[in-house]
Amino acid sequence: MKKAHEKKKKYIFKFQKHDFFTGNGPAGLSLSVFLSGWQPYYDINSPHPDSRLHARLSQNAKQSLLDQDLSWFEEEFAEIINPSVRPIAFLIDMLMRPPNGKSCLRYVQNPTKSVSHIVLGETDAGGSWNSYDEEMITVSLLGWLDLPAFSLVEWFQGQPLIARLPAGVIREYMKAYAKEMGITENLRPYTRVTEVSKKCDNQGKDYYDVKGEDKNGQLFKIRCRKVVLACGQNYQKLLGVSGEEESTKDIVYDIAAMKKSLLQKDNNNIKQNLPVVVIGDGISAADAIIQCLKSKHNVIHVMRRSDAQLRTTMLSKLSATIYPEYAQAYKLMTGKEKNPLYERIIQGTAREVLDSVVSLNTPNGIIQQPYSLIVACLGRRAELSMLSEEVEFLADYRCASDKKMFAIGSLAGDHFIRYLIGGSLQVASTLFNENKQEEVEELQRQLLAEHEKVEKRQKCIRRKHASSRICWLSRILSTSS
Numbered sequence: 344m345k346k347a348h349e350k351k352k353k354y355i356f357k358f359q360k361h362d363f364f365t366g367n368g369p370a371g372l373s374l375s376v377f378l379s380g381w382q383p384y385y386d387i388n389s390p391h392p393d394s395r396l397h398a399r400l401s402q403n404a405k406q407s408l409l410d411q412d413l414s415w416f417e418e419e420f421a422e423i424i425n426p427s428v429r430p431i432a433f434l435i436d437m438l439m440r441p442p443n444g445k446s447c448l449r450y451v452q453n454p455t456k457s458v459s460h461i462v463l464g465e466t467d468a469g470g471s472w473n474s475y476d477e478e479m480i481t482v483s484l485l486g487w488l489d490l491p492a493f494s495l496v497e498w499f500q501g502q503p504l505i506a507r508l509p510a511g512v513i514r515e516y517m518k519a520y521a522k523e524m525g526i527t528e529n530l531r532p533y534t535r536v537t538e539v540s541k542k543c544d545n546q547g548k549d550y551y552d553v554k555g556e557d558k559n560g561q562l563f564k565i566r567c568r569k570v571v572l573a574c575g576q577n578y579q580k581l582l583g584v585s586g587e588e589e590s591t592k593d594i595v596y597d598i599a600a601m602k603k604s605l606l607q608k609d610n611n612n613i614k615q616n617l618p619v620v621v622i623g624d625g626i627s628a629a630d631a632i633i634q635c636l637k638s639k640h641n642v643i644h645v646m647r648r649s650d651a652q653l654r655t656t657m658l659s660k661l662s663a664t665i666y667p668e669y670a671q672a673y674k675l676m677t678g679k680e681k682n683p684l685y686e687r688i689i690q691g692t693a694r695e696v697l698d699s700v701v702s703l704n705t706p707n708g709i710i711q712q713p714y715s716l717i718v719a720c721l722g723r724r725a726e727l728s729m730l731s732e733e734v735e736f737l738a739d740y741r742c743a744s745d746k747k748m749f750a751i752g753s754l755a756g757d758h759f760i761r762y763l764i765g766g767s768l769q770v771a772s773t774l775f776n777e778n779k780q781e782e783v784e785e786l787q788r789q790l791l792a793e794h795e796k797v798e799k800r801q802k803c804i805r806r807k808h809a810s811s812r813i814c815w816l817s818r819i820l821s822t823s824s
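Here the sequence shown is numbered in this note's numbering, starting from 344 and rising by one per residue.
1. Does the beta-carbon of G547 have 16 or more other beta-carbons within 10 angstroms, so that it is buried, or is it exposed?
2. Give the DSSP bridge partners of C803, in chain order.
3. On the CB-based measure, 16 or more other CB atoms within 10 Å of its CB, does L634 come out buried or exposed?
4. In chain order, what residues of the same chain lie with their CB nearer than 7 Å to the CB of M729, ignoring the 5 residues before and after it?
5. Closest to E419 by C-alpha separation, out of S427, L408, I431 and D410, would be which residue?
6. CA-CA distance, C803 and D557?
7. From I643, E735 and K608, pick the residue whose C-alpha is nearest to that of G623; which is it?
8. Taking buried to mean at least 16 other C-beta atoms within 10 Å of its own C-beta, is M439 buried or exposed?
9. Expressed to the nearest angstrom, what Euclidean distance is found between the alpha-carbon atoms of K346 and V462?
10. Whose C-beta lies closer than 7 Å to the C-beta of P618 among residues of the same chain, with five residues either side of it excluded?
11. For Q712, which residues of its own chain have a beta-carbon under 7 Å away from its beta-carbon, when the five flanking residues on both sides are left out?
12. How do the stretch 477 to 485 and the stretch 447 to 459 stand: do at least 3 beta-carbon pairs fall below 8 Å, yes or no?
13. Considering Cα atoms alone, identify which of I760, T655 and K799 is closest to Y673.
14. State the DSSP-derived secondary structure class of E733, mapped to helix, strand or coil.
15. Just the C-alpha distance for V512 and E680, rounded to the nearest angstrom, thanks.
16. Taking the DSSP output, what are the residues bridged to P509?
17. In three-state DSSP terms, what is N704?
18. Can you tell me which of the three DSSP states K346 falls into?
19. Pull up the distance between the alpha-carbon of R429 and that of S394, whole angstroms please.
20. Can you say whether G501 is buried or exposed, counting buried as having 16 or more other CB atoms within 10 angstroms of its CB?
21. When you compare the CB positions of R694 and V584, do they come within less than 8 Å of one another, or not?
22. Could you tell me which residues DSSP puts in a beta bridge with G722?
23. Look at the Cβ atom of F416, then the Cβ atom of V553, and state whether they are nearer than 8 Å.
24. Using the Cα positions of L582 and S590, report the straight-line distance between them to the nearest angstrom.
25. On the criterion of 16 or more Cβ atoms from any shown chain inside 10 Å, does S731 qualify as buried, or is it exposed?
26. CB A631 to CB M601, shorter than 8 Å?
27. By a C-beta neighbour count over all protein chains shown, 10 Å radius and 16 as the cutoff for buried, is H348 buried or exposed?
28. Using the Cα positions of M344 and Q561, report the straight-line distance between them to the nearest angstrom.
29. Rounded to whole angstroms, how far is the Cβ of A599 from the Cβ of S471, which I believe are closer than 8 Å?
30. Using only the alpha-carbon positions, how far apart do K569 and G625 sit?
31. Evaluate M676 with the Cβ neighbour count: other Cβ atoms within 10 Å of its Cβ, from every protein chain shown; 16 or more gives buried, anything less gives exposed.
32. Using three-state DSSP, classify F416 as helix, strand or coil.
33. CB-CB under 6 Å to E733, same chain, minus the five flanking residues each way: which ones, in chain order?
34. Please say whether L400 and Q382 have beta carbons closer to each other than 8 Å?
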């Protein structure tokens, strides 16, 4: 219950837009571009090498992909679609990155083909890319990170000599992308959404109230017709063990924080003789191992998987030619190579953290391991605390319980930039079509209301004329009598 003296929060009503979405990472930026009038077309002058696909797309080459029903691709090309990727996402990836390297898409900007929208994000343009260690080399190759209509090669004004770029470069590309595509006016960076609630107006129409706080601490409220969640998985997963909250100074969850903490400890000669405990067995854990060994820190690596399970991870599938650093880390993780600074523990998990000692469950029993720093590389999670209940999203990116709410990007399962473009296009197409239908329905409603007004006026006029005739007849009758 609120205290009597507690002041009611004051929200400034700042915007009223057709659509709103939270998250200004690659998915949010791509969707904003499509909604801002950038129309993608199949370019018959840059044909896809698959002659059957080229012939099919050429039939409607004069029509924007946003205006087409692309469901035929799943039906007619099922044999080539990666089953782990949505069909439209796979199609757009094929067109942006064909075997010959030249995109099969061309873009035309048509401001009349736009939908009013606003994009809120807790960071600058780029989303979670702003939190990555800027020296970390991307897993995705250069061409896999292109956003619609303005590629990395165009930004560089030439082909870079390296296939994989530092995360800091990609972050700057995304900032430049927003400016180049003219969508900065739709972006509200450094803005936190605190509540999304569905309401109903006096005409029976549903809408959303979106509440939040900007970088200056000003509370605001937005009213909109549809919501798209593009906030991704921006929060690190925690260990979830006793003592974790009390040990925040000695537990980190990403490489940037790890490097900063190790540098501080080295400069102050703190716990230099104790090992770094890395927990996790994915790409980020491999990054942590690489960095620790590079800086000559002892590492104890705790992995949940067994040796057999490690052979099925993404790390096991990376080419040693393209990813030499990950190949080296994988050999250490599987015990194929040794390093005096590295010790591995398979089928292990953390159970408790207390006084710079982590308690580990292992096949050989419980181990009490002193540490200088714990690096928990457990992946990321989505944070949807702004919603009042849990939501589930379907294959078409729409919420199962609310047809006016959507999710794109990693929140919807499209974890790689190369595939989330197609998801953004599919949702943009849905929003365009539904907004058109709503505009038609609104026009029909207005025409019907106007017709009813005319009918009402005509009835009034007829009644008035009838009343006048009755009065006239009454006067005649009274005179004649």
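In this text, a Cβ means the ideal position worked out from N, Cα and C, and glycines have one as well.
Reading it off the structure:
1. Counting Cβ neighbours within 10 Å, G547 comes out exposed, since fewer than 16 surround it.
2. According to DSSP, C803 bridges with nothing at all.
3. According to the sequence displayed, residue 634 carries Gln and not Leu. So Q634 ends up on the buried side.
4. For M729, where only same-chain residues beyond five positions count, the Cβ hits under 7 Å are V536, T537, E538 and V539.
5. Among S427, L408, I431 and D410, the Cα nearest to that of E419 belongs to I431.
6. Their Cα atoms are separated by approximately 54 Å.
7. For G623, the nearest C-alpha among the options comes from I643.
8. In this structure M439 is buried. Its beta-carbon is surrounded by 16 or more other beta-carbon atoms within 10 angstroms.
9. Residue placement at K346 cannot be trusted, given a pLDDT of 44 that sits under 50; the coordinates are not used to answer.
10. By the criterion of a C-beta distance shorter than 7 Å, P618 is surrounded in its chain by N641, V642, I643, Y714 and S715, once the five residues flanking it on both sides are discounted.
11. These residues qualify, in order along the chain: V620, I643, V700, V701 and L703.
12. Under the Cβ criterion (8 Å, minimum of three pairs), the stretch 477 to 485 does not count as touching the stretch 447 to 459.
13. Answer by Cα proximity: T655.
14. Three-state result, E733: coil.
15. Cα to Cα, V512 sits roughly 32 Å from E680.
16. I480.
17. It is a strand residue.
18. Its pLDDT being 44, under 50, K346 is placed unreliably by the model, and nothing is read from it.
19. Rounded to the nearest angstrom, the two C-alpha atoms are 22 Å apart.
20. Counting every other CB atom within 10 Å of its CB across the protein chains shown gives G501 a total below 16, marking it as exposed.
21. Yes, the Cβ-Cβ distance between R694 and V584 is below 8 Å.
22. Looking at the DSSP output, G722 bridges to nothing.
23. Between F416 and V553, the gap from beta carbon to beta carbon reaches 8 Å or more.
24. Taken atom to atom, the span from the alpha-carbon of L582 to that of S590 is near 12 Å.
25. Burial is judged here by how many other beta carbons sit within 10 angstroms of a residue's own beta carbon; S731 has fewer than 16 and is exposed.
26. Contact flag set, yes.
27. Only weak support is given to the placement of H348: the predicted model assigns it a pLDDT of 43, under 50, and the question is left unresolved by the model.
28. Bear in mind that a pLDDT of 40 at M344, under 50, signals an unreliable position, so the model cannot answer this.
29. That belief does not hold up - the Cβ atoms of A599 and S471 are roughly 12 Å apart, past 8 Å.
30. Looking at the two C-alpha atoms, the distance is approximately 36 Å.
31. With 16 or more other Cβ atoms inside 10 Å of its own Cβ, M676 counts as buried.
32. Residue state, collapsed to three classes: helix.
33. So no residue of the chain qualifies.
34. No, the Cβ-Cβ distance between Q382 and L400 is not below 8 Å.
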